[in-house]
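J.: Residue numbers (this note's numbering), protein chains in the order written: chain A, 1 to 187; chain B, 1001 to 1187. Note that CB positions come from ideal geometry on N, CA and C, so glycine has one too. In this text, all values refer to a predicted model and were calculated from it rather than measured experimentally. Starting off with a structure, shown below.
Protein chains: 2
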Amino acid sequence: MPASLRSREEAVAHLLAVFQAHGYDGASLAQLSKATGLGKSSLYHHFPGGKADMARAVLARVNRWMVETAIEPLKGPGKPARRLARMLETLDAFYAGGRKCCVLGNLVVGGGRALVQAELKAVFDLWIGALADLAAEAGVPRAQARERAEDAVAMIEGALILAGGRGDPAPFRRALRRIPEHLLARD
Amino acid sequence: MPASLRSREEAVAHLLAVFQAHGYDGASLAQLSKATGLGKSSLYHHFPGGKADMARAVLARVNRWMVETAIEPLKGPGKPARRLARMLETLDAFYAGGRKCCVLGNLVVGGGRALVQAELKAVFDLWIGALADLAAEAGVPRAQARERAEDAVAMIEGALILAGGRGDPAPFRRALRRIPEHLLARD
DNA sequence: GTCTATAATAGGATAGAC
DNA sequence: GTCTATCCTATTATAGAC
C-alpha cells in the first residue's frame, strides 16, 4: 500500500474520532486539523469539499468497516449463534464497551443529517437485513426475523444513548448479552 | 399567569423546536431569533447567558414535561397496564409517531453535552425508576423490573434513532406496542 | 422589553510560497 | 503535500436608543 493511502486512512481515523465526539456542527476545522496533525490547507488538499467531504469520508469508512467486520461475518460458515457472538464482540470493542458515543447517531444531528441520510439508511438496512437473514437461518419465521432484527439494532443504538446519557456503560453490555436470545429464540 | 411568563413559555417552545431539529451546535442565534419572533437583544434579555441559557431552559421544560406527563401518571390510580398505556400514548403524540427527532438525543451532542449531562442523567434515572416501580407493582421481581425498565427506555430511544435514520416511523410505533408485554410480563 | 447598529471573534475556505 | 498568511462570512454577544 502506498504511503499516501496509508496516511489518508490514518487521517480519516482521526477525523472519525472528532466527529464521533463532537458531531458534525460541533467539529471545527481547527479541531480536525489538530487531530490529524495536518494544517487546514493540507486537509483541503485531501478533502477538496471541506468539512462535508471529511464527514462523507468518515461515513464511507464506517460503512466499509460495518460491512467487513460486522455484516460479512454474519454470513460466514459456522453456527448462527457463534457468528452473531463474533459480531457482538466486534461491536463491543468498537464502542469500547459502551464508553464511546454512537458515531452514526452523532453524525446525523444538525448539518450532518442532509449529508448522510441516504448512506445512513443504507447501513441500517444492510445491518438489519443481515441480522434478519441470520435469524431466519436459525429457524425464525421471516416476518418475525425482520422485526427481531430491527429490535436488535434499536436496542444497540438505544443502549448506546442510555449509556452515554447516564455515563454508565452497563446498559450497553447488557444489551449485547440479551440480543442472542431475543434474535434467535424459536419461542 | 402574567403575560410575561406566558410569552416566555411560548418562546421556550419555539426554542425547543429549533434545538430538536438542529442540535445545540447547529442552532444559530439567527434561527432562534426568527423562530421566537424576538430580536437577538430580546433573547439576551430573557436568557442573559445566551445560547447555553436557552438550551438549559429548553431542557428544564423537557424535564418538567417528562415528569408531569410521562412519569407522574405512572404513579396514579388504576391498573398498571392502563397507566403504562397512557404514558406510551403521550410519548407517541410528543414524538409525532416517530417522525420527530429525540430532543434529548439531539441536544446532548457536541457542545450541548457538557451543559446537560447532569440533568440528562436525572431524567433517565427518574424515568427508569418510575417504570421499574410500575413493573414491580405488577408483580415483576425487583432486579428484573429494573433491567426491563432500562430495556424499555433503551428501546424507545433506539427506535427513535432508527426511525430518524431510515426516515420510517414504523420502528418507533412498534417499539411502543411491544413495551407493555416486555415490561409487565410475569414470564 | 424590544429594537437597530455594531463590535469582536471564530469558522470555513483559499492563495501562493516552498 | 504541507505550510503561513489571509479573506470572507456567519456567529455570538453587547451598546444604547426608544
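I need the DSSP call for B/G1129, collapsed to helix, strand or coil.
T.: The answer is helix: DSSP assigns B/G1129 an H, G or I state.
J.: If you measure beta-carbon to beta-carbon, which residues of the stretch 123-138 of chain A are closer than 9 Å to chain B?
T.: Per Cβ criterion, the list reads V123, F124, D125, I128.
J.: Closest to B/G1078 by CA distance: which of B/A1011, B/P1169, B/L1016, B/A1138 is it?
T.: Of B/A1011, B/P1169, B/L1016, B/A1138, the residue nearest in Cα terms is B/A1138.
J.: Are the C-beta atoms of A/P2 and some chain B residue less than 9 Å apart?
T.: Bear in mind that the predicted position of A/P2 carries a pLDDT of just 47, short of 50, making it unreliable; the figure below should be weighed with that in mind. Chain B contact via Cβ: absent.
J.: Is A/S28 helix, strand or coil when you go by DSSP?
T.: Three-state DSSP puts A/S28 in coil, outside helix and strand.
J.: According to DSSP, is B/D1151 helix, strand or coil?
T.: Of the three classes helix, strand and coil, the one that applies to B/D1151 here is helix, per DSSP.
J.: Using three-state DSSP, classify B/Y1044 as helix, strand or coil.
T.: DSSP places B/Y1044 in helix when its eight states are reduced to three.
J.: Which of the three DSSP states is assigned to A/P73 in this structure?
T.: Looking at A/P73 - three-state DSSP - the assignment turns out to be helix.
J.: CA-CA distance, A/W127 and A/M66?
T.: When rounded, the distance between both Cα atoms is 8 Å.
J.: Please tell me whether A/L74 and A/M54 are closer than 9 Å, where the distance is taken between their beta carbons.
T.: Against a cut-off of 9 Å, the Cβ pair of A/M54 and A/L74 comes out as no contact.
J.: Would B/I1179 pass as a contact of B/C1102 if the rule is Cβ separation under 9 Å?
T.: Going by C-beta atoms, B/I1179 is not nearer than 9 Å to B/C1102.
J.: Give the C-beta separation of B/V1062 and B/L1104 to the nearest angstrom, bearing in mind that I take them to be a contact with Cβ-Cβ under 8 Å.
T.: 7 Å between Cβ atoms; contact.
J.: Give the single residue among B/R1142, B/A1085, B/A1185 whose Cα lies nearest to the Cα of B/T1069.
T.: Measuring from the Cα of B/T1069, the nearest candidate turns out to be B/A1085.
J.: Could you tell me whether any Cβ in chain A is nearer than 9 Å to the Cβ of B/K1100?
T.: Judged by the 9 Å Cβ criterion, B/K1100 is not in contact with chain A.
J.: Pick out whichever of B/R1083, B/R1186, B/G1050, B/A1185 has its Cα sitting closest to the Cα of B/A1130.
T.: Of the listed residues, the one whose Cα sits closest to B/A1130 is B/R1083.
J.: Residues of chain A with CB under 9 Å from B/L1104, in chain order?
T.: What B/L1104 touches in chain A: I161, G165.
J.: Can you give me the Cβ contacts of A/L115 inside the same chain, cut-off strictly under 7 Å, excluding the 5 residues immediately before and after it?
T.: Within the same chain, A/L115 has close Cβ partners A52, A55, R56.
J.: Smallest Cα separation from A/R186: which of A/A145, A/F172, A/I156, A/E10?
T.: Ranking A/A145, A/F172, A/I156, A/E10 by Cα distance to A/R186 puts A/A145 first.
J.: Decide if the stretch 167-179 of chain A is in contact with the stretch 1015-1025 of chain B; the criterion is three or more beta carbon pairs, one per stretch, under 8 Å apart.
T.: Contact fails: fewer than three Cβ-Cβ distances are below 8 Å.
J.: Taking C-alpha atoms, which residue in A/A30, A/A35, A/Q31, A/G167 lies nearest to A/A10?
T.: Sequence inspection shows Glu at residue 10 of chain A; the Ala mentioned does not correspond to that position. Comparing Cα positions, the closest option is A/A35.
J.: Measuring straight from C-alpha to C-alpha, what distance separates A/A81 and B/G1112?
T.: If I take the Cα positions, the gap works out to 39 Å.
J.: What is the rounded straight-line gap between the Cα of A/H46 and the Cα of A/S28?
T.: If you take the alpha carbons of A/H46 and A/S28, they lie about 17 Å apart.
J.: What three-state label does DSSP hand B/A1138 in the structure shown?
T.: DSSP places B/A1138 in coil when its eight states are reduced to three.
J.: Within 10 Å of its beta-carbon, does A/G110 have 16 or more other beta-carbons around it, so buried, or fewer, so exposed?
T.: Result: buried.
J.: At a Cβ threshold of 9 Å, is B/Y1044 touching chain A?
T.: So no, B/Y1044 is outside the interface.
J.: Could you please tell me which residues of the stretch 23-44 of chain A, in chain order, have their CB closer than 7 Å to any CB of chain B?
T.: Of all residues in the stretch 23-44 of chain A, G23, D25, G26 have a Cβ within less than 7 Å of some Cβ in chain B.
J.: Terminal residues of the continuous alpha helix (DSSP H) containing B/K1051?
T.: First-last of the alpha helix (DSSP H) with B/K1051: 1051-1065.
J.: With a 10 Å radius around its C-beta and 16 neighbouring C-beta atoms as the bar for buried, classify B/A1149 as buried or exposed.
T.: Classification of B/A1149: buried, given that the 10 Å Cβ count is 16 or more.
J.: Rounding to the nearest angstrom, what Cα-Cα distance links A/A132 and A/K100 in this structure?
T.: Computed Cα separation, rounded: 26 Å.
J.: Under a three-way DSSP split, which group does A/K121 fall into?
T.: Note: A/K121 maps to helix in three-state DSSP.
J.: Taking the alpha-carbon positions, what's the A/E89 to B/G1039 distance?
T.: Going from the Cα of A/E89 to the Cα of B/G1039 covers about 52 Å.
J.: Mapping the DSSP letters down to three states, classify B/R1166 as helix, strand or coil.
T.: B/R1166: helix per DSSP, three-state reduction.
J.: Excluding five sequence neighbours on each side, which residues of the same chain lie with their C-beta closer than 7 Å to the C-beta of A/M155?
T.: Hits under 7 Å: A175, I179.
J.: Can you check which of these residues, B/A1096, B/P1141, B/L1184, is closest to B/A1163 by C-alpha distance?
T.: That would be B/A1096, whose Cα lies nearest to the Cα of B/A1163.
J.: My output table needs one value for A/L183: the three-state DSSP class, helix, strand or coil.
T.: Helix.
J.: Between A/S41 and A/V12, what straight-line distance do the alpha-carbon atoms span, to the nearest angstrom?
T.: Approximately 16 Å between the Cα atoms of the pair.
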